[in-house]
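J.: I have a structure here, written as structure tokens, and I will follow up with some questions on it.
In the working numbering, the protein residues as written are 992 to 1523.
Below, the structure written as structure tokens:
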């Protein structure tokens, strides 16, 4: 611990020195984050580490979502939907300024061409930026946006129209997700002339409350206040992400004041944090799920009996006690119980080693088998200690004759190998960006998501997909809930992923820091934060 504190003091001194001698404590906040972002453009990544470093700091979206899950104005101050539910027209705010940075100076404010550029990049394979960064837009492709939007047009400089091939009840919420950020078309053209297109994702230009200053991988990210922000200006002049992967190091920095806010405090640290007179702790119900995904393309997990046997062999109550320390509830569905589409009639998969042995025998595996259990190297909102959970699961499975070999990599390598489908089974999870249940199902389990690497179970069921599509084609919430209930039954029967827990979302920060209210959806936001 002392070593971590000494390192923290050195790091803090260096960070503040690098900002300049006139930087005063009240002008900025240092946030200890858990890792380096994959990119600074959330269109091309789904990692919460990337979302936290980009979406709400650097960008805005056409529409937003409030704490109750309602769609609210963003860069679009109003919108209309055609009677056939297939055309959406948005009116943009005027006078919205893009960031002025050391590397780019815009000559105009936001207009409809920027919105068209941002979505055409995703949807049009012939767009000059579509293949920049690899041509993968995992969230949008997994929800089938490229097979839904027929065209994006600009009737005038401040009007954008999306024409859909069919009605889609979740289209507005898709535009409110953390991935649907608006880029600068002018910046894109400027980079293209210089043949520096890749900079659009690594040297970001947005309209958000902060602008990008500098980044050193695995060390820090620095942001400056966007003085010409269209909304209430950020209260902070400076924001620093101090990249600190080790939870114990983040805690040490918070206690000594080297960090003002920390990411993902460990559930085991809750007692210590509550006792501190200098630290505040926010807790909130989170729309998330932590799960074990079976690669259904890898035998023996292509057999539902084997997947069910593994589920019965895992003592989830012990996981809740030893990993979450009372900060989570047992999951019986991918959807949390607070969701309006939750099916409360699903059978509960109890801890039952004897049933697990019987199922393994039915599958011809009475002698057991070995497999690789992949665990993320860093804590997540939905799983505060993946490696510890993997060890506990390994011990449970040993009792029924199954050997789990735990595998982990650094975070970016881990995600890259997962996307390639190299795992046998993996501990992962999902945190919703909106209240719409489609946000849980479609990215995680559809055949469409299988093609783009977000379906970690490598599972495809056409009846499941049909139910989700039917749910989107009706505006009736009652009918949608019926479709989603049936979809949850299929997951419960086939068990491509085994839901483990719905975790509370919590955040720790020093007293004197305000404006850090937790939102149940999406990433962390610093626009309202300040030091008093």
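All C-beta atoms, glycine included, are put in the ideal place defined by N, C-alpha and C.
1. Determine the contact status of residue 1045 and residue 1031, defining contact as a CB-CB distance below 8 Å.
2. Please specify which runs of the beta strand (DSSP E), each continuous and at least 3 residues long, are wholly inside the segment 1325–1370, giving them in chain order.
3. DSSP beta-bridge partners for residue 1416?
4. If you drop the 5 nearest sequence neighbours on each side, which residues of the same chain put their C-beta closer than 6 Å to that of residue 1194?
5. The beta strand (DSSP E) that contains residue 1070, what's its start and end?
6. Rounded to the nearest angstrom, what separates residue 1333 and residue 1216 at their Cα positions?
7. 8 Å is my cut-off, CB to CB: does residue 1060 come that close to chain B?
8. Roughly how many angstroms lie between the CA atoms of residue 1408 and residue 1421, to the nearest whole one?
9. With DSSP run on the structure shown, which of helix, strand or coil describes residue 1182?
10. What ranges does the alpha helix (DSSP H) occupy inside the segment 1283–1317, keeping only unbroken runs of at least 4 residues that lie completely in it?
11. Using the C-alpha atoms, what's the distance from residue 1189 back to residue 1198?
12. Measuring only the C-alpha atoms, how far is residue 1352 from residue 1359?
13. Please report how far the alpha carbon of residue 1034 lies from the alpha carbon of residue 1133, in whole angstroms.
14. Could you spell out the range, first to last residue, of the alpha helix (DSSP H) harbouring residue 1476?
15. Using the C-alpha atoms, what's the distance from residue 1103 back to residue 1002?
16. Would you say residue 1026 and residue 1040 are within 8 Å of each other, going by their C-beta atoms?
17. In whole angstroms, give me the CA-to-CA distance for residue 1262 and residue 1341.
18. Can you tell which of 1309, 1146, 1281 has its C-alpha closest to the C-alpha of residue 1383?
19. Determine, using beta-carbon pairs with one atom in the segment 1127–1145 and one in the segment 1055–1063, whether at least three such pairs fall under 8 Å.
20. Does the separation of the CB atoms of residue 1480 and residue 1337 fall below 8 Å?
21. Using the C-alpha atoms, what's the distance from residue 1077 back to residue 1156?
22. Taking buried to mean at least 16 other C-beta atoms within 10 Å of its own C-beta, is residue 1323 buried or exposed?
23. Could you spell out where the beta strand (DSSP E) holding residue 1023 opens and where it closes?
24. Are three or more beta carbon pairs between the segment 1444–1454 and the segment 1276–1287 nearer than 8 Å?
25. Please name the residue in 1290, 1363, 1374 whose C-alpha comes closest to that of residue 1317.
26. Report all residues from its chain with a CB closer than 6 Å to the CB of residue 948; omit the five preceding and five following residues, and keep chain order.
27. According to DSSP, is residue 1214 helix, strand or coil?
28. According to DSSP, is residue 1192 part of a helix, a strand, or is it coil?
29. Pull up the CB-CB distance for residue 1397 and residue 1389, whole angstroms please, since I reckon it's below 8 Å.
30. Report the rounded CA-to-CA distance for residue 1244 versus residue 1254, giving the unit in angstroms.
31. Taking Cβ positions, are residue 1227 and residue 1497 nearer each other than 8 Å?
32. Mapping the DSSP letters down to three states, classify residue 1091 as helix, strand or coil.
33. Counting along the chain, where does the beta strand (DSSP E) carrying residue 1273 start and finish?
34. Do you know how far the Cα of residue 1021 is from the Cα of residue 1251?
35. Around the Cβ of residue 1355, are there at least 16 other Cβ atoms within 10 angstroms (buried) or fewer (exposed)?
36. Could you have a look at residue 1015 and say whether DSSP puts it in helix, strand or coil?
T.: This is what the structure gives:
1. Taking 8 Å as the Cβ cut-off, residue 1045 and residue 1031 qualify as a contacting pair.
2. Runs found: 1361–1365.
3. Per the DSSP secondary-structure output, residue 1416 pairs in a beta bridge with 1285, 1364.
4. Residues of the same chain with a CB within less than 6 Å of the CB of residue 1194, apart from the 5 flanking positions on each side, are 1094 in chain order.
5. That run of the beta strand (DSSP E) goes 1067–1072.
6. Cα to Cα, residue 1333 sits roughly 41 Å from residue 1216.
7. The structure shown contains no chain B, having only a single protein chain.
8. So the two alpha carbons sit approximately 18 Å from each other.
9. DSSP places residue 1182 within a helical segment (H, G or I) once states are collapsed to three.
10. Runs of the alpha helix (DSSP H) inside the segment 1283–1317: 1295–1304, 1307–1310.
11. About 19 Å.
12. Cα to Cα, the separation comes out at about 9 Å.
13. Their Cα atoms are separated by approximately 12 Å.
14. Start and end: 1468–1485.
15. Residue placement at residue 1002 is flagged as unreliable, the pLDDT there being 45, under the threshold of 50; the coordinate-derived value follows with that caveat. Between the alpha carbons of residue 1002 and residue 1103 lies a distance of about 43 Å.
16. A contact, by the Cβ cut-off of 8 Å.
17. The C-alpha of residue 1341 is placed about 30 Å away from the C-alpha of residue 1262.
18. Comparing Cα positions, the closest option is 1309.
19. No, because fewer than three Cβ pairs between the segment 1127–1145 and the segment 1055–1063 fall closer than 8 Å, the two stretches do not touch.
20. The Cβ atoms of residue 1480 and residue 1337 sit closer than 8 Å to each other.
21. Here the alpha carbon of residue 1156 sits roughly 7 Å from the alpha carbon of residue 1077.
22. Here residue 1323 is buried. Its C-beta has 16 or more other C-beta atoms within 10 Å.
23. It spans 1019–1024 - the beta strand (DSSP E) in which residue 1023 sits, taken as one unbroken run.
24. Under the 8 Å Cβ criterion, the segment 1444–1454 counts as touching the segment 1276–1287, having at least three qualifying pairs.
25. It is 1374 whose Cα lies nearest to the Cα of residue 1317.
26. Beyond the ends of the chain as shown, which are 992 and 1523, falls residue 948; an answer cannot be given.
27. Three-state result, residue 1214: strand.
28. When secondary structure is reduced to three states using DSSP, residue 1192 falls in the helix class.
29. 12 Å between Cβ atoms; not a contact.
30. The C-alpha of residue 1254 is placed about 12 Å away from the C-alpha of residue 1244.
31. No.
32. Per DSSP, reduced to three states, the secondary structure at residue 1091 is coil, with no helix or strand assignment.
33. Bounds of the beta strand (DSSP E) holding residue 1273 are 1270–1276.
34. Cα to Cα, residue 1251 sits roughly 5 Å from residue 1021.
35. Residue 1355 comes out exposed.
36. With a pLDDT of only 40 at residue 1015, under 50, the local geometry of the prediction cannot be trusted, and the value read off the model is given with reservation. Here residue 1015 sits in coil by DSSP.
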